[in-house]
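Going by our numbering, the sequence shown opens with residue 14, and the numbers climb by one from there.
Built from N, CA and C at the ideal position, the CB exists for glycine as well.
Remember, it's a predicted structure, so these values are computed and weren't measured experimentally.
A quick write-up on the structure given underneath.
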Amino acid sequence: MNRPVTASQLIDPSVHPDERAARLQLAACYRVFAMLGWTEMIYNHITVRLPDSVTGGEKQFLINPFGLHYSEVTASNLLKIDLQGKVLDGGAWPVNPAGFTVHAA
Numbered sequence: 014m015n016r017p018v019t020a021s022q023l024i025d026p027s028v029h030p031d032e033r034a035a036r037l038q039l040a041a042c043y044r045v046f047a048m049l050g051w052t053e054m055i056y057n058h059i060t061v062r063l064p065d066s067v068t069g070g071e072k073q074f075l076i077n078p079f080g081l082h083y084s085e086v087t088a089s090n091l092l093k094i095d096l097q098g099k100v101l102d103g104g105a106w107p108v109n110p111a112g113f114t115v116h117a118a
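Structure below.
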């Protein structure tokens, strides 16, 4: 189920370098979990809190879009969310509220 990266999947060049690094590392983590079979269809999640250098001290996280298998998660389709689970960046994909609540505590 792995797909090659295409130009439309690239991270926006205006993204802060620290956010870019976090996106790449988290996406790689999703892919490793998929390769090792550590997934339960689409009902799992991994998050990372973005550093203050990116957020100015606001608590913001990256999380996978609900509905994508781990093997489909890329750095560019990760969602940026706040403590309330509001999508700040990432398009029209939904967030799994149950998954986010655990990590926002």
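Under the three-pair Cβ rule at 8 Å, the region 44-63 counts as touching the region 96-116. Excluding sequence positions up to five before and after GLU32, its CB lies within less than 7 Å of the CB of LEU63 and VAL67, all in the same chain and listed in chain order.
Counting C-beta pairs closer than 8 Å gives three or more between the region 37-45 and the region 80-99, which meets the contact rule. Beta-bridge pairing by DSSP links ASP102 to LYS93. Listed in chain order, the non-local C-beta contacts of ALA35 below 8 Å within the same chain comprise VAL61, LEU63, PRO64, VAL67 and LEU75, local neighbours out to five positions each way being set aside.
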